[in-house]
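Using this note's numbering, read the sequence shown as starting at 4 and increasing by one per residue.
Step one of this worksheet: look at the structure below.
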Amino acid sequence: MGKRRAGRELLRSLSKKQKKHLREFGEEHPFYDKLLLLLLLHSCFPSQSEDSDKSSAESDSETEVEQVSGYRKLLATLKTSPESESEEEEDESESEEAEESEAEMDSEGSQETGEAEEGEEDKNDVPEEEEGSLSTDRAEQIPSQEQADGTDTSCDPRHGVIEEFTDVKHESEFSLETNFMEEESGDCNADKRDSNPFKQHMDKELEDKEIEKISTLPKTSNQSQWPRLGQLIFSSTLEKHKTLKADKEVDVKQLHLHKPLESTWPRVNKQFLSSVDKPSDSPFTPLQRELFCIMNSYRDLFYPERNALTNGEEIRHTYCLHALNHVLKANAQVLSNNTKRRDRKPGTDTDDYRDQGLTRPKVLMIVPFRECALRIVHTFISLLEVNDKKKIDVSNKKRFKGEFGSDPEEKPPNLKRPEDYEAVFAGNIDDHFRIGVAILQKSMRLYAPFYSSDIIIASPLGIRTVIGAEGEKKRDFDFLSSIEILIIDQADIYLMQNWEHVLHLMKHINLLPLDSHGVDFSRVRMLNLNNWSRYYRQTLLFSALQDPQINSVFNKHCFNYAGQVAVRNVPLTGSISHVVVQLPHVFRRLEAESVTSVIDSRFQFFIDKVLPEYRDAIMSHTLIYVPSYFDYVRLRNYFKKEDLNFTHICEYTKKAAVCRARRFFLKGEKQFLLFTERFHFYKRYTIKGIRNLIFYELPTYSHFYSEICNMLKATDSGVDATWTCTVLYSKYDAQKLAAVVGIDRTAQMLQSKKNVHLFVTGEN
């Protein structure tokens, strides 16, 4: 493998004249022999070169040296060079053609091009990766984050990660057990502040009766109206906790921020303060001030109004400040106690120094893409750097930028997408990653092994591959045992990826570890030894929408003794007001006995009541929007069984089949088009030729409703009077229905069992 790669590298350095001479005579021109021999020796014998320390791990692991001259080795690697070179050229041309075809599909004339057979459609609907998402082409599955030797065995991420990289060179430098508090840091006595929210929350000693209450009794809740967040629902099992009040003005010194955050936060957050209408001396925007007030009280928080275009970065900076503040305080307490233990007298009681968990990781951040992790780490660095002169030492920063950064040239040109799409899918959108971050005083260590990390940043898929499944030999979730802050950002995107990964994580967090991992039990807090970590864990959940699955995680997997706060604002208008075409909307209610039976009830209602009305040839050009992939498969199989004239597009359909299906639907050769929500989420193609719309279920994202409806204006046939839109809903779709038609219409529609007809003129 190494020889072949070395040969390819040498081939790329040859000119056309040199390659031609090589093909004709089977050897290189004698003039270049010396140069190529030196290059070969450098690649095959890195230990003898001057820059051996900078050579890759792959070249270090080559086979032993054979007693053959370097020139013969060169000829051996070049024997298959013409074939390998032609294969590379073919691959590049294929990728260029694929990008061109994708760009052409969005142009006006793209629907008329391409010739292919219809029988190949079903072959392109096979899921390529069932457990992952569809944002990027999946790289090879990478092993566990922990590597025994810690050597760098990964290659360029653009060519696929072979083996994961972890940094073990700085283990002693970032070890909490062997370091002490620096005198100049001024935080040695930080743990003595009684009003410190961190100390108040973590030092609270719960009783067995209180734990039993939290585990068994229902929560009591009350409402409160805040200026910026709106309606809040405070819930708690312990009765003595009162409703939190919003602070109108915030003084940084009263927030108990750890040094140097008091001085760096106003500078880092300055970019958002300029957009506030009323300038003030507050270092927070109104939204950040109220969010941080809840975060700093260590209550759980669910905020379902995150918007990538407007407040996404504000929220990211706020929870980064809270997480970093928590880690710095926790580490400062440990280092301070290290100093006290070193200077203590023999025989002193050691129970006064219980300041750690069973494992070191304290904060777990779940984000959907590598770009999100990149921005989080950059925010951490900015918050730790007091000024341009005092830079912090960041280990493996260059490697991190290479693997988590993005190349602007990789984005296909001439692709018009909505603004929210561009904001969500900006930068590196690989969704399989995880990285450990260790922070100690004035230094940051990226790619730290999980058990030496303070913060873990990962995607749901990245953390799932480490946790593994029951029965697997290589699985590890002990590092989740002492998580004190769990941050799940952009939870709505995980509904489009694989929500099972989130549920799998919640089942394995804050469990007792199976191994001690070298912990000093005399320093472990009693709450961790009692397996009460889940009752102290703070969960921060941010989403762009309210969904029953997200609500279920917040209600059933969060046990914080400090209580929960959920933002529950109801939409007044709904996304139907953004429909710009004159279109009659018919909302047809179906009855279901329970949430579990609604899936079968919807399918039976569709095939018995709705589909017969569209079987006639007059009702051609009918698009059926299906949010669930399982419902899509069920409908597709039924359509095949009934021999209906239809085509289909899902998230697993290949580009050629998508182009073919769009062309058939536009020309009317196919009467029905089955269209999945996940495909629309990841592609946002404009489907032309729609005359009749059927929403098999209300869309997860409310603005998708108006987007799909507005696709009808792309039809140039001038048959506006025949356009129809039919929506299926049940009483269990109240949240989605309110997001589409507004809260007032939702209340009327749920009370009435009749079909509701709405006519939108573009001004409603």
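Where a beta carbon is used, it is the ideal one built from N, C-alpha and C, also for glycine.
Just so you know, these numbers come straight off a predicted model, no measurement behind them.
Report yes if the CB atom of GLN567 is closer than 8 Å to the CB atom of ARG302, and no otherwise. Taking the first residue of the sequence shown as position 1, residue 567 is located at position 564. Taking the first residue of the sequence shown as position 1, residue 302 is located at position 299. Cβ distance < 8 Å, so GLN567 and ARG302 count as in contact.
I need the straight-line Cα distance from GLY692 to GLU710, nearest angstrom please. Taking the sequence shown and counting its residues from 1, the one referred to as residue 692 is at position 689. Taking the sequence shown and counting its residues from 1, the one referred to as residue 710 is at position 707. The straight-line gap from Cα to Cα measures roughly 15 Å.
Roughly how far, in whole angstroms, is the beta-carbon of ASP457 from the beta-carbon of LYS365, given that I think they are within contact range, below 8 Å? Position 454 of the sequence shown holds residue 457. Position 362 of the sequence shown holds residue 365. Indeed they touch by this definition, with Cβ atoms about 6 Å apart.
At 3 residues or longer, and completely inside the region 290-344: list those beta strand (DSSP E) runs for me, N to C. 303-306
ALA741, enclosing beta strand (DSSP E) - first and last residue: Against the sequence shown, residue 741 aligns to sequence position 738. Looking at the DSSP string, ALA741 is not in any beta strand (DSSP E); the run it does join, the alpha helix (DSSP H), is 737-744.
Residue span of the beta strand (DSSP E) that contains SER227, given as start and end: Numbered from its first residue, the sequence shown carries residue 227 at position 224. Looking at the DSSP string, the run of the beta strand (DSSP E) that includes SER227 is 223-229.
Assuming VAL730 and VAL589 are in contact, meaning their beta carbons sit under 8 Å apart, how far apart are those beta carbons, in whole angstroms? Locating residue 730 in the sequence shown gives position 727, counting from the first residue. Locating residue 589 in the sequence shown gives position 586, counting from the first residue. Rounded, the Cβ-Cβ distance is 7 Å, consistent with contact.
Who are the Cβ neighbours of GLN291 in its own chain at under 6 Å, not counting the five residues just before and after it? Counting from one through the sequence shown, the residue named residue 291 turns up at place 288. Closer than 6 Å at Cβ, skipping near neighbours: GLU317, THR321.
Contacts around LEU304, its chain only, beta-carbon distance under 6 Å, and the 5 residues preceding and following it disregarded: Counting from 1 along the sequence shown, the entry for residue 304 is found at position 301. Here the set comprises ILE297, LEU543, VAL568.
Can you tell me which residues form a DSSP beta bridge with MET447? If you number the sequence shown from 1, residue 447 lands on position 444. Its beta-bridge partners are VAL397, ILE442.
Comparing alpha-carbon positions, which option in SER385, LEU327, ASP254, PRO516 lies nearest ASN272? Counting from one through the sequence shown, the residue named residue 272 turns up at place 269. The option with the nearest alpha carbon to ASN272 is SER385.
Got a sec, what are the start and stop residues for the alpha helix (DSSP H) GLN203 sits in? Residue mapping note: residue 203 aligns to position 200 of the sequence shown, counting from 1. Per DSSP, GLN203 belongs to the alpha helix (DSSP H) from 200-205.
Which partner residues of GLY233 appear in the DSSP bridge assignment? Counting from one through the sequence shown, the residue named residue 233 turns up at place 230. Per DSSP, TRP229.
Same chain, Cβ closer than 7 Å to LYS673, five either side skipped, listed in chain order: If you number the sequence shown from 1, residue 673 lands on position 670. Cβ within range, chain order: ASN648, PHE649, THR650, PHE667.
Quick one: grab the DSSP three-state call for ILE369. Residue mapping note: residue 369 aligns to position 366 of the sequence shown, counting from 1. ILE369: strand per DSSP, three-state reduction.
Starting from ASN640, trace the beta strand (DSSP E) in both directions and tell me its first and last residue. Position 637 of the sequence shown, counted from the start, is the residue given in the question as residue 640. From DSSP, ASN640 is part of no beta strand (DSSP E) but of the alpha helix (DSSP H) over 632-644.
CA-CA distance, VAL743 and GLY408? The sequence position of residue 743 within the sequence shown is 740, counting from 1. The sequence position of residue 408 within the sequence shown is 405, counting from 1. Taking the straight line from one Cα to the other gives about 37 Å.
Under DSSP, the beta strand (DSSP E) around HIS520 begins and ends at which residues? Within the sequence shown, the letter at position 517 stands for residue 520. HIS520 -> no beta strand (DSSP E), and no H or E assigned at all.
Could you tell me the boundaries of the beta strand (DSSP E) in which PHE675 lies? Here residue 675 is taken as the residue at index 672 of the sequence shown, counted from 1. From DSSP, the beta strand (DSSP E) with PHE675 extends over 675-679.
Let me make sure I understand the geometry here. Which of SER604, LEU586, ASP603, TYR635 has the alpha-carbon closest to that of CYS728? Counting from one through the sequence shown, the residue named residue 728 turns up at place 725. When each option's Cα is compared against that of CYS728, the closest is LEU586.
Hey, ARG540 and ASN563: beta-carbon distance below 8 Å or not? Counted from its first residue, the sequence shown places residue 540 at position 537. Counted from its first residue, the sequence shown places residue 563 at position 560. Closer than 8 Å, so yes.
Residue closest to ILE690, alpha-carbon to alpha-carbon, out of LEU367, ALA249, ARG681, LYS716: Counting from one through the sequence shown, the residue named residue 690 turns up at place 687. Minimum Cα distance to ILE690 is reached at LYS716.
In this structure, does DSSP put ALA461 in helix, strand or coil? Here residue 461 is taken as the residue at index 458 of the sequence shown, counted from 1. Three-state DSSP puts ALA461 in a strand.
When the Cβ atoms of the region 464-478 are set against those of the region 335-346, are three or more pairs found closer than 8 Å? no
For LEU515, is the classification buried or exposed, using 16 other Cβ atoms within 10 angstroms of its Cβ as the cut-off for buried? Numbered from its first residue, the sequence shown carries residue 515 at position 512. Classification for LEU515: exposed.
Could you compute how far the alpha carbon of LEU294 sits from the alpha carbon of ASP523? Here residue 294 is taken as the residue at index 291 of the sequence shown, counted from 1. Here residue 523 is taken as the residue at index 520 of the sequence shown, counted from 1. Cα to Cα, LEU294 sits roughly 36 Å from ASP523.
Who are the Cβ neighbours of ALA333 in its own chain at under 7 Å, not counting the five residues just before and after it? By one-based count along the sequence shown, residue 333 stands at place 330. Only LYS365 meet the Cβ criterion.
Apply the 10 Å Cβ neighbour rule to ARG363 and answer buried if 16 or more other Cβ atoms are within range, or exposed otherwise. To locate residue 363, count along the sequence shown from 1; it is residue 360. Classification for ARG363: buried.
What is the DSSP secondary structure of ILE384, reduced to helix, strand or coil? Translated into positions along the sequence shown, residue 384 becomes position 381. Reduced to three states, the DSSP call for ILE384 is helix.
Residues in the same chain with beta-carbon distance under 8 Å from CYS323, minus the five sequence neighbours each way, listed in chain order, please. Translated into positions along the sequence shown, residue 323 becomes position 320. Counting only Cβ-Cβ distances below 8 Å, and skipping sequence neighbours, we find ILE379, THR382, PHE383, LEU386.
Going by the beta-carbon positions, is the gap between ILE395 and SER455 smaller than 8 Å? Locating residue 395 in the sequence shown gives position 392, counting from the first residue. Locating residue 455 in the sequence shown gives position 452, counting from the first residue. Against a cut-off of 8 Å, the Cβ pair of SER455 and ILE395 comes out as no contact.
Should the region 429-446 be regarded as contacting the region 371-378, the criterion being three or more beta carbon pairs within less than 8 Å? yes
Taking the alpha-carbon positions, what's the THR679 to ALA376 distance? Taking the sequence shown and counting its residues from 1, one reaches residue 679 at position 676. Taking the sequence shown and counting its residues from 1, one reaches residue 376 at position 373. Roughly 29 Å between the two C-alpha positions.
Pairwise C-alpha distance: MET368 and PHE482: Position 479 of the sequence shown, counted from the start, is the residue given in the question as residue 482. Position 365 of the sequence shown, counted from the start, is the residue given in the question as residue 368. Approximately 13 Å between the Cα atoms of the pair.
May I ask you to report which of helix, strand or coil DSSP gives ALA472? In the sequence shown, the residue the question calls residue 472 occupies position 469. Three-state result, ALA472: coil.
State the CB to CB distance for the pair ARG357 and MET205, rounded to an integer number of angstroms; the pair is presumed to be in contact (CB under 8 Å). Here residue 357 refers to the residue found at position 354 of the sequence shown. Here residue 205 refers to the residue found at position 202 of the sequence shown. About 10 Å separates the two Cβ atoms, so there is no contact after all.
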